[in-house]
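See below for the structure under consideration.
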Amino acid sequence: MPEPALFSARIQAQFPAGVLATHQFRGDDTVVVRPEALREVAQFLRDDPACACLVLSDATAVDYLKYPSGQEQSPSGTVPTTRFEVVYHLYSLEHNQRVRVKVPVEAAAPQVESLTPVWPAANWFEREIWDMFGIRFAGHPNLKRLLMYEEFDGHPLRKDYPVTKRQPLIGPAT
Amino acid sequence: MAETLLNPSSSPADTAPVAYETRDMLLNVGPQHPAMHGIIRIVVRLDGETVKGVDVEIGYLHRGFEKMCEQGGYNHAIPYTDRLNYVSPLINNVGYCMAIEKLMGLTVPERGQYIRVIMSEISRITDHLTCIGASAMELGAFTVFLYMIKAREYLWELIEMVTGARLTISYCRVGGVKADLPEGFEERTRGAIRQVREVLKECDKLLTRNRIFVDRMKGIGVLSRADALAYSVTGPFLRSTGVNYDVRKAQPYLVYDRLQFEVPLGQHGDNLDRYFCRMEEMEQSLRIVEQCLTQLPGGPIQVDDEGRPMAAAEMVDEAKMGRIQAIAGAAPVTDPTLEGTNKSFSQRVNAPAKRAVLPPKDDTYGNIEGLMQHFKLIMYGHGIRPPKGEVYQAVEGANGELGFYVVSDGTDKPYRVRVRPPCLPIMATLPIILTDDMLADIVPTFGSVNMIGGELDR
Amino acid sequence: MFGQANWLTTKVDSAVGWARKFSIFQYPFVTACCGMEYMATACSHYDVDRFGAGFPRFSPRQADVLFVVGTISHKMAPVLKKIYDQMADPKWVVAFGVCTCTGGFYDNYATVMGIDTIIPVDVYIPGCPPRPENVLDGLMKLQAKIQAQHSGTPLGTSSEAIAAGLHA
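Sequence lines, in order, name chains A, B and C.
Under our numbering, the first residue of the first sequence carries the number 1, and numbering increases by one thereafter.
Under our numbering, the first residue of the second sequence carries the number 175, and numbering increases by one thereafter.
Under our numbering, the first residue of the third sequence carries the number 633, and numbering increases by one thereafter.
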């Protein structure tokens with residue numbers, strides 16, 4: 001029985017203009033797509049029977065502000081080009097395969113289309129990304145902070161947020 | 175209508191049902207509530223006693239795990255991982271270390287893998303014991319809680335024998351485990367397994383056919399298959415709806431492919447099915463531990479005697495004073511608390527990677543190469559340096575798929591560590607599973623969710 | 633007679649202290665991992681019931697000792713203050729676990745560096761998490777403190793009562 005094709009290869013075949021790069025590293029399959037193509041890629045991954053990624057395992061973001069550049073090429077092959085990247089991990093129960101979808105996001109007014117209509121699980125994951133990184137999700141039904149309190153100013157997981165900068169509701173700020 | 179009440183002679187057929195004008199009530203459950211395991215706020219909209227709408231607010235235990243991981247070296251994050259799912263800390267340790275090992279391409283030797291499996295399964299049992307015990311207590315079965323915590327104590331004594339601590343153990347390291355199993359572990363474990371099985375039998379007799387327990391759990395908190403998959407629910411919650419997804423079977427890691435165990439599945443997706451799944455999973459975990467004990471490959475290997483024994487601390491002092499002649503031809507004897515980290519044990523449980531794994535303690539104390547290797551891994555600015563890249567490793571936590579996504583920038587500090595918390599998607603389904611049940615049903619449903627604050631809020 | 637310590641009031645105070653220290657109604661404000669060790673202390677192996685502290689009271693109005701068990705984040709801090717304020721005198725606070733004593737190793741934007749920045753603490757039980765034996769030790773120190781205190785109003789202290797309390 002032939003090996004099922006990697007999901008990244010399928011996505012590349014289906015959306016040649018939307019895919020920026022693909023690579024495989026340590027058994028993980030990754031595809032980097034344009035923000036404009038994200039929604040279609042997501043719909044395809046869920047609905048195409050050869051992919052059938054019914055489970056959105058995880059959605060998170062990475063802030064590449066302090067990522068060292070100019071050194072040796074990463075063995076995984078991709079070098080981040082924008083400040084943020086939103087990373088989705090998808091899993092197909094039927095084919096028992098995973099794929100990682102990454103979307104580069106600019107630093108100024110970072111925004112991505114929400115995947116809540118495709119996978120309801122994205123609702124809370126995206127709220128957390130908004131809370132921690134400040135990336136907005138267009139079309140999200142309820143984009144408010146998940147872990148921090150409303151009065152908190154800033155996005156703590158950004159690399160330029162100092163780790164000990166406290167904003168207490170009551171009590172001293174030391 | 176008042177006439178009907180005042181004139182009981184009118185026949186019941188004349189009275190039409192009364193339509194009262196009512197308003198829904200908003201009730202706050204939490205953040206501090208005795209039946210909430212940990213701190214969470216559930217705002218319910220009630221129509222009488224029926225729950226019509228639910229809003230969940232989390233984040234009361236957010237401790238900045240992901241930010242703290244970026245502050246120190248790769249091994250420095252291990253104590254933080256203990257406190258994620260603090261009822262099954264070893265599974266978090268194992269997951270994190272496996273992610274780093276995947277990034278670096280290291281393979282832990284077989285004995286180390288078996289030890290990790292044994293400790294993971296013992297952790298899984300303690301998690302399920304705490305979950306079922308606490309949720310039974312909230313339904314009034316206080317005895318079951320006491321029995322299960324007693325069983326948990328037997329297992330914690332076992333864990334303490336191996337790792338030195340009961341709860342926050344920091345046992346795994348990148349490339350292996352901290353130290354080998356102590357002498358007498360197998361005997362002690364078999365004894366503990368026997369005792370835990372007895373407790374499980376007693377608790378089963380107390381709960382499984384108990385009319386009150388079944389009535390309160392059956393048909394309550396139902397989650398359908400489609401919803402469970404759409405919300406990326408995993409673990410006993412998903413398996414209670416009938417979907418067979420267990421990371422240990424789907425994408426086996428460590429030595430799970432050599433072990434025989436079954437994955438219990440439910441049918442209805444209600445609280446009772448989750449209770450059954452967890453009880454059965456405990457039995458399967460005990461089976462796995464027994465198989466591992468039998469299959470565990472050989473213990474400490476024979477190392478050549480290198481000279482006359484001398485206390486390690488004494489050796490270090492002599493060397494510092496420059497009295498090299500005194501230590502020539504001496505073999506260091508380390509303190510008994512470092513038993514299990516010496517050369518004869520270390521090679522069995524740690525990967526042979528000089529740049530990732532600490533040297534055995536008698537090398538650290540006994541010769542300069544060991545000392546240098548130790549320094550290169552401990553000193554600030556040095557340490558484990560995985561190649562640049564990113565990796566996602568999933569293990570089967572007690573609540574479901576526990577994933578670690580690690581991005582490395584080639585330096586000694588992790589660039590980004592992300593934990594995929596298994597109970598976050600489950601908590602997101604609370605509005606679905608609580609709606610249309612009664613207010614009192616929130617308690618058993620929430621108990622079966624097994625929300626662990628450390629994991630949910632990180 | 634009231635306002636100076638004499639033999640009768642000292643003995644009555646001792647008796648009240650003795651009664652109070654052996655009937656502790658605790659409010660377990662459990663947040664994190666320390667809660668597991670709290671459960672272990674409360675259950676059969678280490679049994680806190682033999683100290684008279686076995687009944688938790690989940691209403692602040694009915695409790696006298698607030699056991700703050702586990703990390704307090706800044707989001708939770710106002711809730712903690714509210715619960716403390718709602719408790720009636722006499723009340724004591726036990727900081728259980730190093731996160732409540734000093735913040736533990738979570739020195740970051742989210743954690744309160746010690747609950748004594750918000751509410752007054754009587755006994756600190758460090759440990760991450762503290763062993764049940766440590767918890768019982770802390771409980772006994774709290775009991776000594778309860779024995780030595782006088783009904784919450786500042787009547788002055790009698791050295792005899794304190795000496796009796798500390799050896800109790």
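We put the beta carbon where it would ideally sit given N, CA and C, even for glycine.
This structure is a prediction, so every number in the text was calculated from the model and none was measured.
In summary, the residues of the segment 727-750 of chain C whose CB is separated from some CB of chain B by less than 9 Å are Cys731, Gly736, Phe737, Tyr738, Asp739, Asn740, Tyr741, Ala742 and Thr743, in the order they occur in the chain.
Closer than 7 Å to the CB of glutamate 372 of chain B there is not a single CB belonging to chain C.
Put simply, the segment 273-281 of chain B touches the segment 563-580 of chain B. At least three CB pairs are less than 8 Å apart.
Put simply, the CB of lysine 165 of chain A is near chain C, with a gap under 7 Å to one of its CB atoms.
The straight-line gap separating the alpha-carbon atoms of cysteine 346 of chain B and arginine 592 of chain B is approximately 18 Å. Using a Cβ-Cβ cut-off of 7 Å, histidine 250 of chain B does not count as an interface residue toward chain C, since no Cβ of chain C sits closer than that to its own. Inclusion of arginine 257 of chain B and cysteine 733 of chain C in the CB contact set at 7 Å is not warranted, their separation being larger than that value.
DSSP places tryptophan 130 of chain A within a helical segment (H, G or I) once states are collapsed to three. Between the alpha carbons of alanine 527 of chain B and glycine 349 of chain B lies a gap of roughly 7 Å. The count of Cβ pairs closer than 8 Å, one atom from the segment 579-589 of chain B and one from the segment 241-250 of chain B, reaches three, so the stretches are in contact. Just measuring C-alpha positions, the residue of A:Asp160, A:Val19, A:Val112 and A:Arg26 sitting nearest arginine 98 of chain A is A:Arg26. With a beta-carbon spacing of about 13 Å, arginine 364 of chain B and methionine 335 of chain B fall beyond the 8 Å limit used to define contacts. A residue is called buried when at least 16 other Cβ atoms come within 10 angstroms of its Cβ; asparagine 740 of chain C meets this threshold and is buried.
Residue burial annotation: glycine 286 of chain B is buried, with at least 16 other C-beta atoms found within 10 angstroms of its C-beta.
Under a criterion of Cβ atoms nearer than 7 Å, the residues of chain A adjacent to leucine 598 of chain B are, in order, Trp124.
Bridge partners of threonine 224 of chain B according to DSSP: B:Asp221 and B:Met612. For phenylalanine 435 of chain B, same chain residues with a beta-carbon under 6 Å away, outside a window of 5 residues either side, are Gln458, Arg461 and Ile462 in chain order.
Going by DSSP, phenylalanine 450 of chain B is part of the alpha helix (DSSP H) stretching over 445-469. About 24 Å separates the Cβ atoms of glycine 577 of chain B and aspartate 47 of chain A, ruling out a contact at the 8 Å cut-off. For proline 156 of chain A, there is no enclosing alpha helix (DSSP H), as DSSP gives it neither H nor E.
Sequence-distant Cβ neighbours of glycine 409 of chain B in its own chain, meaning closer than 6 Å and more than five residues away, are Asn573, Gly574 and Pro596. In the DSSP assignment, proline 263 of chain B falls within the alpha helix (DSSP H) that extends over 263-278. Under the Cβ criterion of 7 Å, tyrosine 149 of chain A is counted among the residues facing chain C. Membership of methionine 311 of chain B in any beta strand (DSSP E) is not indicated; the residue belongs instead to the alpha helix (DSSP H) covering 284-312. Taking 7 Å as the cut-off, the Cβ atoms of tryptophan 124 of chain A and alanine 602 of chain B count as close.
Going by DSSP, leucine 576 of chain B is part of the beta strand (DSSP E) stretching over 575-582. DSSP, reduced to helix, strand and coil, places glycine 365 of chain B within a helical segment of the structure shown.
Closest option to valine 407 of chain B, judged by alpha-carbon separation, among A:Ala122, A:Ala17, A:Arg166 and A:Gly139: A:Ala122. By the criterion of a C-beta distance shorter than 7 Å, tyrosine 539 of chain B is surrounded in its chain by Ala486, Met489, Val490, Pro506 and Thr508, once the five residues flanking it on both sides are discounted. Excluding five sequence positions before and after leucine 93 of chain A, the CB atoms of its chain that fall closer than 8 Å to its own CB belong to Ala52, Leu54 and Val55, given in chain order. Nearest to valine 726 of chain C by C-alpha distance, out of C:Asp769, C:Val700, C:Pro688 and C:Ala742, is C:Val700. Using a CB distance below 7 Å, the part of the segment 710-726 of chain C facing chain A consists of Pro710 and Lys713, ordered along the chain. Counting only Cβ-Cβ distances below 8 Å, isoleucine 232 of chain B has contacts in chain A at Leu146 and Leu147, in chain order.
The shortest CA-to-CA distance from valine 32 of chain A to any of A:Pro49, A:Ala50, A:Ala9 and A:Gln43 is the one to A:Ala9.
Counted as a single uninterrupted DSSP element, the alpha helix (DSSP H) harbouring glycine 540 of chain B occupies residues 535-540.
The straight-line gap separating the alpha-carbon atoms of arginine 219 of chain B and arginine 390 of chain B is approximately 21 Å.
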